[in-house]
Every structure is written in C-alpha cells, then in structure tokens.
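Data first, discussion second: the structure below is written as structure tokens.
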Amino acid sequence: MKRIGMLTSGGDCQALNATMRGIAKGLYTIYGDEVEIIGFEDGYRGMIYADYRIMQPSDFSGILTVGGTMLGTSRTPFKYLDEPDENGLDKVASMVHTYRKLKLDALCVLGGNGSLKTANRLSQEGLNVIGLPKTIDNDTWGTDMTFGFQSAVDIASKAIDDIHTTAASHGRVFIVEVMGHKVGWLTLYAGIAGGADIILIPEIPYDIDKVTKAIEARNKAGKRFSILAVAEGAISKENAALGKKELKKKKEKGLVYPSVAYEIAAEISEKLGSEVRVTVPGHTQRGGEPCPYDRVLSTRLGAEAARLIEKGVFGVLVSVKNQEISKTPLEEIAGKLKYVDPKADIIREAKLVGICFGD
Ligand code: F6P
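Shown next as structure tokens:
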C-alpha cells in the first residue's frame, strides 16, 4: 500500500482542487486500491500538528471547476520555520515526525515561493517531496507558468475591460491596481489584455512625469480617458533608488496611502488637476473557478506528479518548460523569484503598440 500526503500552502488560487484531482486520479490509475491519500488541513499547519484526513476517491470528483482548496490553507512563513511555536514545538521536527508516523511514501506540496522553500527544506530532511507551482503571481522560478495565473489574468483583464465604459463616459483617468506581490506578470498580462494605456510594474520603476506626459499626450490626441494598470508592487524611480531602510523611513514620515495606486492617483491629480479614480479588484483575482487553461495545466501537472511518484523521482517541482511538462530540482528554485525582464520581447512589443511603462 502506497501512502501519499498532500497539502495546499500559502495564499490560495484557482485550480488547487483541480491539481489535487489530477494527482489523485493519476495515483488511482497507477495503484488502484493500493494507494491511500492523506490530506493535511490548512497547509503545513496540518503536518506540524498532525491534523489530517484520509481522503476517499469520491473527494476528488466534481472539483475540477471548484475554486479555493478543499483542504484549506494557511501561511507558515519560512523565516519563522526554525522558531519553535508558542508551546516550544520544533516545527520541522514535528513535520518529519508526522510524515514518518503516517508511514508516507511521498508528500505533494501545492505552493508558491515560500511554501516551496519549506518543501525544499523537508526534502533536505530526507522526505520524498514533490512541489506543484501554485500562484496567481507566476513568480515561481523554474517554471514558465504557475496554475492560477491565467485565471487571475482573466479576472484582472475583465476589471480593466469594465472600467473602459465608465472611464469613457466621464472622461476620467482610472487606475486598476493588480495583485502580483513583488513581480509584474499579472499586471503586464492583464494590462495588455485589457487594453491599458499605461502599465506600471515593479521591474520597471516609473517616473511620474513620464506617466503624466503619457496622459497629456492622450488628451491632446482627443482621447477622453486613460487607464492605468498598476501592480501592487509598482515603485517609483526615486523610491527604487533608496535602500530598504531609507524607504521605510520615508514612508513613515510621509503621507501614507492605502496602496501605491492611491499614491499615484494623488500625484496625477495634483499634477494634471484631473479626476482620478482607483479600482482595486484585490482578492477577487484569486477567487472563483479556474479558467479552462488552468484546468488543463493543473490536470497535466497533477498527473505528472503521480508519474514521478511511481518512478520514485523526488525533490523536484513539476514545472512547465517551453509548453511541455517538466521538472526542476527544488533546491534550484528555493528562494528565487521569477521577475519580468524589462528587456523581454513582450515589453518591447507592448511599447510598440503605444503602451507607456513610465520609464
Ligand atoms: O501571492 C498571491 C497573492 O495574492 C499576492 O498577489 C498578494 O500580494 C498576496 O498574495 C496577498 O496575500 P494575502 O492573502 O495574505 O492578503
């Protein structure tokens, strides 16, 4: 009898259930009745405190299109992993103990960067770990694509699409703030797909004067409105030149805005005297059902995880490389972020069609 653990960790996204379904269906095809799947509740927390349930094949039916995660999720920050919990419990030792006690043959971790760092740590502790790249941010190193990303692109693009009519009616400047943590993938794709006029991403620090000039140029060309897609991690050239500590100090001293979109809105408003509105789709970008692309991707990633378990290949992230399902060693990806390259073709092409990046 094979015993396989699975957990979903970190911020949720679409297609977590679809990925677990892919793994489970693959395992049931390979092992038939000779496999038992153990689902840990709320991510690594379930492993630390041995909070788990034995999954049944029926648990994996009817969930291909269901958003969220049936196992629940939580954040177990990597930087505190080696700090004992409030009762003095050693978290890593406890997870290793749970794995051994349950006589697991493998553990599948559906997670983003932080969670995959912990997955790598558990792999180094001798557990058979397979990672699956989950995040709407698409910032996981070692894979061209993460599941959840395309679904979030759909939602953020729709938000930008819908702003067009009201922006045109009122002749206003609108900012749609897009998630993505420290990287700009989601904003870049949603911005292009939604026809944003200006796209601001963390990898290309902006100059507010360039932004206002782009808006003025549109006004002069007779365009009644301008739409900006701004990444939640967007940063000005001025702030990008500061060190982390200096930036923190500056922010403490200055006016504190709820987020960067509001700061940019205030600056545009002051410089151009125009009305600026901010829309923040926020966590809706992680919500709802996975788009068909993500359903296919997660099914393929999940099935490949099952195949790797059968082959006894562990310590890897199931990944996508050049449209094919592949694998990348966890130790190679741990601690790295996949940023947008400001010199990438997609940026050049976006600029060619007139999109301003504020640089
Ligand atoms: O990593 C996914 C993500 O949605 C980011 O885009 C965002 O910055 C963050 O999680 C939000 O985290 P939380 O759910 O803790 O608010």
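Each number in our numbering corresponds to the 1-based position in the sequence shown with 17 added.
Note that beta-carbon positions come from the ideal geometry of N, C-alpha and C, so glycine has one too.
Can you tell me whether residue i is helix, strand or coil according to DSSP?
{"i": "Glu-53", "result": "strand"}
{"i": "Glu-142", "result": "coil"}
{"i": "Gly-131", "result": "helix"}
{"i": "Lys-151", "result": "strand"}
{"i": "Arg-70", "result": "strand"}
{"i": "Pro-94", "result": "coil"}
{"i": "Pro-346", "result": "strand"}
{"i": "Val-109", "result": "helix"}
{"i": "Val-333", "result": "strand"}
{"i": "Tyr-223", "result": "strand"}
{"i": "Ser-291", "result": "coil"}
{"i": "Leu-272", "result": "coil"}
{"i": "Thr-316", "result": "helix"}
{"i": "Glu-233", "result": "helix"}
{"i": "Lys-261", "result": "helix"}
{"i": "Gln-31", "result": "coil"}
{"i": "Leu-119", "result": "coil"}
{"i": "Glu-100", "result": "coil"}
{"i": "Arg-38", "result": "helix"}
{"i": "Met-18", "result": "coil"}
{"i": "Glu-306", "result": "coil"}
Opposite residue i in the DSSP bridges: which residues?
{"i": "Glu-194", "result": "Val-247"}
{"i": "Met-23", "result": "Gly-56 and Cys-125"}
{"i": "Glu-341", "result": "Lys-338"}
{"i": "Thr-296", "result": "Val-193"}
{"i": "Arg-16", "result": "Missing from the structure shown is residue 16; the chain here goes from 18 to 376 and no further."}
{"i": "Phe-164", "result": "Lys-151"}
{"i": "Ser-78", "result": "DSSP lists no partner for Ser-78."}
{"i": "Cys-373", "result": "Ile-215"}
{"i": "Leu-205", "result": "Answer by DSSP bridge pairing: none, since Leu-205 is not bridged."}
{"i": "Leu-354", "result": "Thr-157"}
{"i": "Ser-253", "result": "Tyr-223"}
Using beta-carbon positions only, say whether residue i and residue j come within less than 7 angstroms of one another.
{"i": "Arg-365", "j": "Glu-292", "result": "no"}
{"i": "Val-295", "j": "Ala-283", "result": "no"}
{"i": "Gly-371", "j": "Asp-224", "result": "no"}
{"i": "Gly-352", "j": "Lys-134", "result": "yes"}
{"i": "Met-18", "j": "Ile-65", "result": "no"}
{"i": "Thr-36", "j": "Leu-127", "result": "yes"}
{"i": "Phe-57", "j": "Tyr-48", "result": "no"}
{"i": "Phe-166", "j": "Ser-315", "result": "no"}
{"i": "Gly-148", "j": "Leu-347", "result": "yes"}
{"i": "Ile-209", "j": "Ala-367", "result": "yes"}
{"i": "Gly-129", "j": "Thr-93", "result": "no"}
{"i": "Ala-231", "j": "Ile-215", "result": "yes"}
{"i": "Thr-95", "j": "Gly-63", "result": "Strictly speaking, residue 95 in this sequence is Phe, with Thr absent from that position. No, they are not a contact pair."}
{"i": "Thr-25", "j": "Leu-88", "result": "yes"}
{"i": "Ile-54", "j": "Ala-67", "result": "no"}
{"i": "Leu-33", "j": "Thr-86", "result": "yes"}
{"i": "Ile-342", "j": "Glu-321", "result": "yes"}
For residue i, does the count of other Cβ atoms within 10 angstroms reach 16, so buried, or fall short, so exposed?
{"i": "Met-162", "result": "buried"}
{"i": "Pro-150", "result": "buried"}
{"i": "Ser-168", "result": "buried"}
{"i": "Met-72", "result": "buried"}
{"i": "Glu-100", "result": "exposed"}
{"i": "Gly-159", "result": "buried"}
{"i": "Ala-323", "result": "buried"}
{"i": "Glu-194", "result": "buried"}
{"i": "Leu-382", "result": "Any answer about residue 382 is impossible in this case: the structure gives the chain only from 18 up to 376."}
{"i": "Ala-213", "result": "buried"}
{"i": "His-187", "result": "exposed"}
{"i": "Glu-220", "result": "buried"}
{"i": "His-300", "result": "exposed"}
{"i": "Thr-11", "result": "With the chain covering only 18 through 376, there is no way to say anything about residue 11."}
{"i": "Leu-124", "result": "buried"}
{"i": "Glu-103", "result": "exposed"}
Give me the Cβ distance between residue i and residue j, rounded to the nearest whole Å; I'm assuming they're in contact under 8 angstroms.
{"i": "Gly-201", "j": "Ile-218", "result": "3 angstroms"}
{"i": "Arg-38", "j": "Gly-319", "result": "7 angstroms"}
{"i": "Arg-312", "j": "Leu-81", "result": "6 angstroms"}
{"i": "Thr-204", "j": "Ala-246", "result": "5 angstroms"}
{"i": "Ile-192", "j": "Pro-298", "result": "Not confirmed; about 12 angstroms, so no contact."}
{"i": "Pro-307", "j": "Ala-257", "result": "The pair is not a contact, with the Cβ atoms about 34 angstroms apart (cut-off 8 angstroms)."}
{"i": "Gly-304", "j": "Gly-27", "result": "Incorrect: roughly 16 angstroms between the Cβ atoms, too far for contact."}
{"i": "Glu-249", "j": "Val-277", "result": "7 angstroms"}
{"i": "Asp-154", "j": "Gly-197", "result": "5 angstroms"}
{"i": "Asn-145", "j": "Asp-122", "result": "6 angstroms"}
{"i": "Lys-344", "j": "Val-335", "result": "6 angstroms"}
Using beta carbons (cut-off 7 angstroms, strictly below), is residue i in contact with chain D?
{"i": "Val-190", "result": "Going by chain labels, chain D is absent from the structure shown, which holds only one protein chain."}
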